[in-house]
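Protein chains in written order, with the working numbering: chain A, 1 to 387; chain B, 1001 to 1360.
Just so it is clear, CB atoms sit at the ideal spot from N, CA and C, and this is done for glycine as well.
In what follows, a single structure is set out as structure tokens and then discussed.
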Amino acid sequence: MNQDNLVYLDYAATTPVDPRVMKVMLPYFSESFGNPSSIHRFGQTAESALENARLTIAQTLDCLPEEIIFTSCGTESDNLALRGSAFLARKERGANHLLISPVEHHAISRTAEQLASIHGFELEYLPVDSFGRTSMEDVACCLRPDTAIVSAIYANNEIGTLNPISMIGQLCRSRGITFHTDAVQAAGYLAMNVNSLNTDLISIGAHKFYGPKGIGALYIRKGLNILPSQTGGGQEYGYRAGTQNIPYIVGMAEALRLAQNEKDERTSYLKPLRDHLIGSILEEIPDVQLTGHPEERLPNHASFIFKGIDGNALLMMLDMEGFACSSGSACKTGNPEPSEVLTSLGFTHDWTLGSLRVTLGMYTNSSEIEGFLKVLPKVVSKLRIIS
Amino acid sequence: MSYKPIVAIAMSGGVDSSVAAALLVERGYNVIGMMLRLWSEQDSERANRCCTPDSMEMARRVASSLSIPFYVLDARQIFYNTVVKSFIHDYIHNLTPNPCITCNRVVRWDFLLNHALSAGADFLATGHYARLTQNSLRTFQLLRGVDSTKDQSYVLHVLTQKQLGSAFFPLGEYTKQEVRQMAHKYNLPVAERPDSQDLCFVGADGNYRQFLARHAAQALRSGEILDLQGNVLGHHKGLAFFTIGQRKGLHISSPTPLYVLDKDSSRNVIIVGTQEQTGRDSFFVENVNWIAGEPPDSRFTALVKIRYKAHDITGVVNTLNSNTIHVKLENPLRDVTPGQSAVLYNGEVCLGGGTISNLT
């Protein structure tokens, strides 16, 4: 059992807070603790921090500050975007049709399923290729005048595949249909300029790009109206009531600014490491496949399926060896279900349970990857012997 | 720094395995908590009693309070294919099985042990009340737990030398009362949890008869209840509802209490008789496992236990071949039941055991 040198290879699950981010957050816990809605100077200091953070994010995304709404996480942003658009589109123009990709994060797919089962929306899934990509042509075929919203994930969390968001967005805009993208995984590495992405709504969450957990944002294009799901004191332009979490908002803004400034640097550091990892695994281990697109994928993301292996047992053994990874069917209660994403891509049951996701980050180094590449083939063959 | 052996502890969220884990940590081992996700009938609504979300949460809390890693392994498929299927199969074939023994042999001490060893563990520990020693020939011996009311060597009689070489029973030296006290001492959140039940996998009603009605309807054909002379005294709703020596549930009015003497599956009848007519002192035992790898002798005297909770009784054992024996008890017992395990002891030492046969 490796106790001393634990190697973290699960940066798509979450990331440590960058010390530079931590530093700008700290004054807002006990020193400048005011409520931004208050009249007095305590409140004014907090409000100024809030609006500066909003401005930083707006500059990073090339949008207006009032187009940024702070939420508690990426999942909340997804919920607000989908529910808020669906309910308003139904109210205003009788639109009842939801169009989402079958490889969305649960924050979208479960929300859409509930909108269908409880609220009577008609839910349709877009076609995808074997890498999980939806094309503009696929969307064109499915769009209807009564489509309330289209949602397609920018970069998939499980298989890393990127969608052609800009093209899908252009099409939706030309048809006058609201388009949302979940950019929670993408925001740390990909272009986030809202004008070139042609999106109406974009979800992000800070802890995927070295910011704190428990804070997210939703970009809402000016002129687009959605129904708030959390009502109350009218904060966040009435879209999301509740006292803002100032230290976390400040942290997210700094983390996003750093991520977008440094994304080329981070990508050119991580991509060769990641490519080496993928190449070695595909070469050295029998009965393994890469999941997701070989090129059009997140630069820090590698995902595989191993035939005839229990992915949970694989994660346990890797953890015992000191490597923290994840899988599409990861389940802490021991009843892994085959991943819906992998199933929708047509993989069979004897493959889908054996998934492994290895995601790199700014603290990953090549000796860790070499260590991992020594251990993984051994662990896979051990598991194949006993199962 | 000297090497600290790695011990995987099979956790259930109950008192016993939690205290066993705490003892291992206190003794300085590198401890890993492992829990099995087992099959249960109504998986979606109510998980197997050994691994309800509740007990899993409890095990996780214990592991976290001991600062040990904790993992859950999916054993649903192997548990269903072995333990549950053979349980159903045995009832269809007029046997009264003990599924815990199959579970120990195939799931705990094979599937889990292999996973633990592959993950780098040196030993697999459980919260069983049993002890382990090595004799002068370095053969592992399985001994009864010190607490005779809790001794669980009975369900461990299926273990081989190889398995025992990797086994660890931290509770064998303690009584249940001491274990509960230790749970308090270690401040474990489980101190007051009730003991777990047998037959963890049957549905929410907890009733194996209802379970069989759903899964083995062919074992539940109604038929006649006869006396030894062949007179029809009543009717039964299925052989599986009855076990040898049973008195309740016959629904026959009789001046003297009647007991199930035998179940004849070829005629689907139950044969009943008075207390004087019950009892059997001679039977065959199949699929015998010898803990030492071989029987102590071709013919020897041993203490025999015919059920988990039965008292010891002296018997003479004749080995017919390496895995079949004949047992002659010093007195007849009312409930010698085909399908249950007969386990042999020499004093404190468990010699092995096997399944009581249908053959007479």
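Problem - Minimum C-alpha distance to Phe-1002 (chain B) - residue among B:Phe-1283, B:Tyr-1154, B:Tyr-1029 - result: Counted from its first residue, the second sequence places residue 1002 (chain B) at position 2. According to the sequence provided, residue 1002 (chain B) is Ser. The question's Phe does not apply to it. Nearest of B:Phe-1283, B:Tyr-1154, B:Tyr-1029 to Ser-1002 (chain B), Cα basis: B:Tyr-1029.
Exercise for the section: Please list the partners that Ala-313 (chain A) has in chain B, where partner means a Cβ-to-Cβ separation under 7 Å. Expected result: Position 313 of the first sequence, counting from 1, holds the residue named residue 313 (chain A). Those are Leu-1073, His-1115, listed as they occur along chain B.
Practice task
Look at the alpha carbon of Ala-155 (chain A) and the alpha carbon of Thr-178 (chain A), and state the distance between them as a whole number of angstroms.
Solution key: Sequence index remark: in the first sequence, residue 155 (chain A) carries index 155 (1-based). Sequence index remark: in the first sequence, residue 178 (chain A) carries index 178 (1-based). Cα to Cα, the separation comes out at about 19 Å.
Problem - Entirely enclosed beta strand (DSSP E) segments - the region 1255-1321 of chain B, minimum 3 residues - result: 1259-1264, 1269-1273, 1280-1290, 1299-1305, 1313-1321
Practice task
Report the rounded CA-to-CA distance for Asp-1264 (chain B) versus Ile-1092 (chain B), giving the unit in angstroms.
Solution key: Against the second sequence, residue 1264 (chain B) aligns to sequence position 264. Against the second sequence, residue 1092 (chain B) aligns to sequence position 92. Cα to Cα, Asp-1264 (chain B) sits roughly 12 Å from Ile-1092 (chain B).
Handout entry: Other residues of its chain near Thr-404 (chain A): CB distance less than 7 Å, five sequence neighbours each side excluded
Key = There is simply no residue 404 (chain A) to check, as chain A begins at 1 and stops at 387 in what is shown.
Problem - Run of the beta strand (DSSP E) containing Gln-1134 (chain B), from where it starts to where it stops - result: By 1-based counting over the second sequence, the position of residue 1134 (chain B) is 134. 1130-1134 is the span of the beta strand (DSSP E), which, as asked, contains Gln-1134 (chain B).
Handout entry: Opposing strand residues paired with Cys-1350 (chain B) [DSSP bridges]
Key = Numbered from its first residue, the second sequence carries residue 1350 (chain B) at position 350. Answer is B:Leu-1142, B:Tyr-1345.
Problem - Simplified DSSP state of Leu-1159 (chain B), which is helix, strand or coil - result: If you number the second sequence from 1, residue 1159 (chain B) lands on position 159. Three-state DSSP puts Leu-1159 (chain B) in coil, outside helix and strand.
Practice task
Return no unless some Cβ of chain A is closer than 7 Å to the Cβ of Gly-1120 (chain B).
Solution key: If you number the second sequence from 1, residue 1120 (chain B) lands on position 120. Chain A, which has a Cβ nearer than 7 Å to the Cβ of Gly-1120 (chain B), makes this yes.
Exercise for the section: Would you kindly check if the distance between the Cβ of Val-1007 (chain B) and the Cβ of Ala-1125 (chain B) is under 7 Å? Expected result: As a working mapping, residue 1125 (chain B) is identified with position 125 in the second sequence. As a working mapping, residue 1007 (chain B) is identified with position 7 in the second sequence. Closer than 7 Å, so yes.
Problem - For Arg-20 (chain A) and Glu-254 (chain A), believed in contact at Cβ under 8 Å, the rounded distance - result: Indexing the first sequence from 1 puts residue 254 (chain A) at position 254. Indexing the first sequence from 1 puts residue 20 (chain A) at position 20. That belief holds up - the Cβ atoms of Glu-254 (chain A) and Arg-20 (chain A) are roughly 7 Å apart, short of 8 Å.
Handout entry: Positions along the region 188-206 of chain A whose CB lies within less than 8 Å of some CB in chain B
Key = none
Practice task
Using a Cβ-Cβ cut-off of less than 9 Å, list which residues of the region 1020-1037 of chain B approach chain A; keep chain order.
Solution key: Asn-1030, Ile-1032, Met-1034, Met-1035, Leu-1036, Arg-1037
Practice task
Spell out whether any CB of chain A is found under 7 Å from the CB atom of Ile-1006 (chain B).
Solution key: Indexing the second sequence from 1 puts residue 1006 (chain B) at position 6. Chain A, which has a Cβ nearer than 7 Å to the Cβ of Ile-1006 (chain B), makes this yes.
Problem - According to DSSP, residues forming a beta bridge with Phe-1123 (chain B) - result: Within the second sequence, the letter at position 123 stands for residue 1123 (chain B). The partner list for Phe-1123 (chain B) (beta bridge, DSSP) reads B:Val-1007.
Practice task
For chain B, find out if any of its Cβ atoms is closer than 7 Å to the Cβ of Ile-386 (chain A); answer yes or no.
Solution key: As a working note, residue 386 (chain A) is residue 386 in the first sequence. With 7 Å as the cut-off, Ile-386 (chain A) counts as an interface residue toward chain B.
Practice task
Please classify Asp-264 (chain A): is it buried, with 16 or more other beta-carbons within 10 angstroms of its beta-carbon, or exposed?
Solution key: Here the question's residue 264 (chain A) lines up with position 264 in the first sequence. So Asp-264 (chain A) counts as exposed.
Practice task
Verify the contact flag: Leu-373 (chain A), CB atom, against every heavy atom of the ligand HEM, threshold strictly below 6 Å.
Solution key: Summarising the ligand content, the structure contains no ligands, and the ligand HEM is consequently not present.
Practice task
Would you verify that the beta carbon of Lys-382 (chain A) is, or is not, closer than 7 Å to some beta carbon of chain B?
Solution key: Here residue 382 (chain A) corresponds to residue number 382 of the first sequence, with the count starting at 1. It does; some Cβ of chain B falls within 7 Å.
Practice task
List the endpoints of the continuous alpha helix (DSSP H) containing Phe-1087 (chain B).
Solution key: As a first step, residue 1087 (chain B) is located in the second sequence; it is residue number 87 there, counting from the start. 1085-1092 is the span of the alpha helix (DSSP H), which, as asked, contains Phe-1087 (chain B).
Practice task
Kindly confirm or deny that the region 207-217 of chain A and the region 286-300 of chain A touch, where touching means at least three C-beta pairs closer than 8 Å.
Solution key: no
Practice task
Taking Ala-89 (chain A) as part of the alpha helix (DSSP H), name the residues at either end of that continuous run.
Solution key: For the purposes of this step, residue 89 (chain A) is taken as the residue at position 89 of the first sequence. Residues 74-93.
Problem - Option in B:Arg-1037, B:Leu-1320, B:Leu-1351, B:Gln-1229 with minimal Cα separation from Val-1078 (chain B) - result: Here residue 1078 (chain B) refers to the residue found at position 78 when the second sequence is read from its first residue. Checking the sequence shown, residue 1078 (chain B) turns out to be Ile, not Val. Ranking the options by Cα distance to Ile-1078 (chain B), first place goes to B:Arg-1037.
Problem - CA-to-CA distance, Thr-1139 (chain B) to His-1251 (chain B), given in whole angstroms - result: Sequence index remark: in the second sequence, residue 1251 (chain B) carries index 251 (1-based). Sequence index remark: in the second sequence, residue 1139 (chain B) carries index 139 (1-based). Cα to Cα, His-1251 (chain B) sits roughly 52 Å from Thr-1139 (chain B).
Exercise for the section: Please confirm whether Met-1011 (chain B) and Val-1190 (chain B) have their CB atoms less than 7 Å apart. Expected result: Position 11 of the second sequence, counting from 1, holds the residue named residue 1011 (chain B). Position 190 of the second sequence, counting from 1, holds the residue named residue 1190 (chain B). Cβ distance not < 7 Å, so Met-1011 (chain B) and Val-1190 (chain B) don't count as in contact.
Handout entry: Inter-residue Cα distance where the pair is Tyr-1174 (chain B) and Gly-1145 (chain B)
Key = For the purposes of this step, residue 1174 (chain B) is taken as the residue at position 174 of the second sequence. For the purposes of this step, residue 1145 (chain B) is taken as the residue at position 145 of the second sequence. Those two C-alpha atoms are separated by around 8 Å.
Problem - Exposure of Gly-354 (chain A), with buried meaning 16 or more beta-carbon neighbours within 10 Å - result: As a first step, residue 354 (chain A) is located in the first sequence; it is residue number 354 there, counting from the start. Buried, because 16 or more other Cβ atoms sit within 10 Å of the Cβ of Gly-354 (chain A).
Handout entry: Distance between Val-1084 (chain B) and Ala-1219 (chain B) (C-alpha atoms, nearest Å)
Key = The sequence position of residue 1219 (chain B) within the second sequence is 219, counting from 1. The sequence position of residue 1084 (chain B) within the second sequence is 84, counting from 1. Using only the alpha carbons, I get a separation of about 15 Å.
Problem - Contact set between Gly-310 (chain A) and chain B, taken where Cβ atoms lie within less than 7 Å - result: Taking the first residue of the first sequence as 1, we reach residue 310 (chain A) at position 310. A small correction: the amino acid at residue 310 (chain A) is Asp; Gly does not occupy that position in the sequence shown. Within 7 Å Cβ-Cβ: Asp-1074.
Problem - Minimum Cβ-Cβ distance from Met-136 (chain A) to chain B less than 7 Å - result: Start at 1 with the first residue of the first sequence, and residue 136 (chain A) comes out as number 136. With 7 Å as the cut-off, Met-136 (chain A) does not count as an interface residue toward chain B.
Problem - Per-residue DSSP class, three states only, for Ser-109 (chain A) - result: Reading the first sequence from its first residue, position 109 is the one you call residue 109 (chain A). Looking at Ser-109 (chain A) - three-state DSSP - the assignment turns out to be helix.
Exercise for the section: Could you check if Asp-10 (chain A) is buried or exposed, using at least 16 other CB atoms within 10 Å of its CB as the buried criterion? Expected result: By 1-based counting over the first sequence, the position of residue 10 (chain A) is 10. Under this definition Asp-10 (chain A) is a buried residue.
Practice task
Using three-state DSSP, classify Val-139 (chain A) as helix, strand or coil.
Solution key: Residue 139 (chain A) sits at position 139 when you count from the first residue of the first sequence. Val-139 (chain A) falls in the helix class under three-state DSSP.
Handout entry: Residue from B:Leu-1258, B:Ser-1055, B:Gly-1120 with nearest C-alpha to Cys-1200 (chain B)
Key = Start at 1 with the first residue of the second sequence, and residue 1200 (chain B) comes out as number 200. Ranking B:Leu-1258, B:Ser-1055, B:Gly-1120 by Cα distance to Cys-1200 (chain B) puts B:Ser-1055 first.
Handout entry: Burial state of Asp-78 (chain A), where buried means 16 or more other Cβ atoms lie within 10 Å
Key = Residue mapping note: residue 78 (chain A) aligns to position 78 of the first sequence, counting from 1. By the neighbour-count rule (16 or more Cβ atoms within 10 Å), Asp-78 (chain A) is buried.
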